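Here the structure is laid out as structure tokens; the discussion comes afterwards.
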């Protein structure tokens, strides 16, 4: 059982938006699939516990992964007094992704993603998932030598922005007590109840 502000001790969040980890990478994979037209099975997470074999040299595909997450220093805290109360903490992250496109049309798919991320309808769908585009950097050719054959590879860095919201069980204050002390040493206790 997790703590709340009435029990003392550490507080764990009771909810988090947007998604993180594998679910976030799956969301990004869906974005790449939707914009480029590559089949979902050919848009893969860059780092996997058990990497599948690379597709054939003539197959167009993409590996994508998060390389950096930089968080803003400050957070916004908002108390919601409904029911017993809870606090919402908001923080903004800048997420850097590296999308590597492989295959004979690697450049075409990389530029299709870069340009498609600028389309308002695509950005609207991303914002619905809690993510917005900051920028795409220049594309870099980074072909790989595999089994004595060059595999065309084009890398595209993508910088996204997302708002992170975590909710903590910080309850409403029901009453506060204290005392006023006058210059002469006289005290007057008080209690304020909610």
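In the working numbering, the protein residues as written are 7 to 200.
Beta carbons: idealized from backbone N, C-alpha and C, even for Gly.
Note that the structure is predicted; figures quoted are calculated from it, not measured.
Can you tell me the Cα-Cα spacing of residue i and residue j, whole angstroms?
| i | j | result |
| --- | --- | --- |
| residue 29 | residue 183 | 46 Å |
| residue 123 | residue 13 | 47 Å |
| residue 71 | residue 20 | 27 Å |
| residue 47 | residue 97 | 33 Å |
| residue 80 | residue 167 | 15 Å |
| residue 87 | residue 199 | 15 Å |
| residue 187 | residue 131 | 59 Å |
| residue 101 | residue 140 | 9 Å |
| residue 45 | residue 91 | 45 Å |
| residue 27 | residue 58 | 19 Å |
| residue 142 | residue 55 | 28 Å |
| residue 18 | residue 9 | 7 Å |
| residue 83 | residue 192 | 38 Å |
| residue 194 | residue 185 | 5 Å |
| residue 155 | residue 95 | 51 Å |
| residue 53 | residue 16 | 33 Å |
Contact check, residue i vs residue j under 8 Å by CB: the rounded distance?
| i | j | result |
| --- | --- | --- |
| residue 24 | residue 135 | 6 Å |
| residue 161 | residue 117 | Between residue 117 and residue 161 the Cβ distance is about 12 Å, and since that is not below 8 Å, they are no contact. |
| residue 128 | residue 41 | 6 Å |
| residue 68 | residue 38 | 6 Å |
| residue 109 | residue 35 | Not a contact, Cβ separation roughly 17 Å. |
| residue 93 | residue 174 | 5 Å |
Among the options, which has the Cα closest to the Cα of residue i?
| i | options | result |
| --- | --- | --- |
| residue 99 | 171, 195, 197, 194 | 171 |
| residue 153 | 62, 95, 103, 173 | 62 |
| residue 31 | 11, 150, 125, 73 | 73 |
| residue 196 | 181, 189, 190 | 181 |
| residue 169 | 76, 8, 60, 15 | 76 |
| residue 60 | 43, 8, 150, 16 | 150 |
| residue 4 | 121, 15, 18, 193 | Absent from the model: residue 4. The displayed extent of the chain is 7 to 200, so no value can be given. |
On the criterion of 16 or more Cβ atoms from any shown chain inside 10 Å, does residue i qualify as buried, or is it exposed?
| i | result |
| --- | --- |
| residue 146 | exposed |
| residue 126 | exposed |
| residue 49 | buried |
| residue 112 | buried |
Looking at residue i: is its Cβ nearer than 7 Å to the Cβ of residue j?
| i | j | result |
| --- | --- | --- |
| residue 66 | residue 115 | yes |
| residue 159 | residue 148 | yes |
| residue 119 | residue 163 | no |
| residue 179 | residue 11 | no |
Taking only beta-carbon positions, decide if residue i is within less than 7 Å of chain D.
| i | result |
| --- | --- |
| residue 53 | Looking at the structure shown, chain D is missing, and only one protein chain is on hand. |
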